[in-house]
Amino acid sequence: MGCKDKRDRDNSCVCDAVEQILAEQEAVEEITCPNSCFSNLLNPVAGTRDTIPFILSDKKGGLFKAFGNVGGFVGDMTCFKTIFFRVEAVKDCCATLSLLRPVDINGNTESVTDPCDEDFFGLEKSDFCIEVDLDCFCAIQCLSPELVDRIVDRKHHK
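Everything in the sequence shown is counted per the UniProt record's numbering, starting at 1 for the first residue and increasing by one.
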């Protein structure tokens, strides 16, 4: 049983938004034409952008968070807390979300629970996923795709 009455499922704006994000991400992966509207949306400059990062809020306005690499078993990555996600799949308003790993300007893992954290610089994809009932959320905020794999411009950052 989800967080919302199932008869209201037709009015889930968060579910609709996540489904739209998934459609746009999948369209980028399929299109090879460099001047496609979809590739321009996710690829304004160069390189392939295939991720629209987003954050979710609960009924009380709190940001949803999840944990990746608990126990530190994968690679040399430390355990991290994140509020940033990438949609991987959606079915009946249940979604598989991959956790986006927050990093500082040097690429070090940061645990971020506030998107305005002054040490937060960018995001990296991870293989850690969670399953969520999208009916449990009241708000979604899409973020710039340029946050993913962001690189420091050393000429302008001294």
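All C-beta atoms in this analysis are idealised placements derived from N, C-alpha and C, irrespective of residue type, glycine included.
Predicted, not measured: the structure shown is a model, and the values here were computed from it.
| Item | Value |
| --- | --- |
| Proximity below 9 Å, CB of Gly68 to CB of Phe128 | yes |
| DSSP-derived helix/strand/coil call for Val112 | coil |
| Pairwise C-alpha distance: Ser57 and Ala139 | 5 Å |
| Contact under 9 Å by Cβ, Phe54 with Phe85 | yes |
| Supposed close pair Asp104, Asp119 - CB separation, criterion 8 Å | 5 Å |
| Three-state class that DSSP yields for Val90 in the structure shown | strand |
| Member of Val70, Gln20 and Gly61 whose CA lies at the smallest distance from the CA of Ala89 | Gln20 |
| Residue from Val132, Asn106, Pro102 and Lys65 whose Cα sits closest to the Cα of Thr96 | Val132 |
| Cys129 in three-state terms, based on DSSP | strand |
| Cβ neighbour criterion (16 or more within 10 Å) applied to Cys93 | buried |
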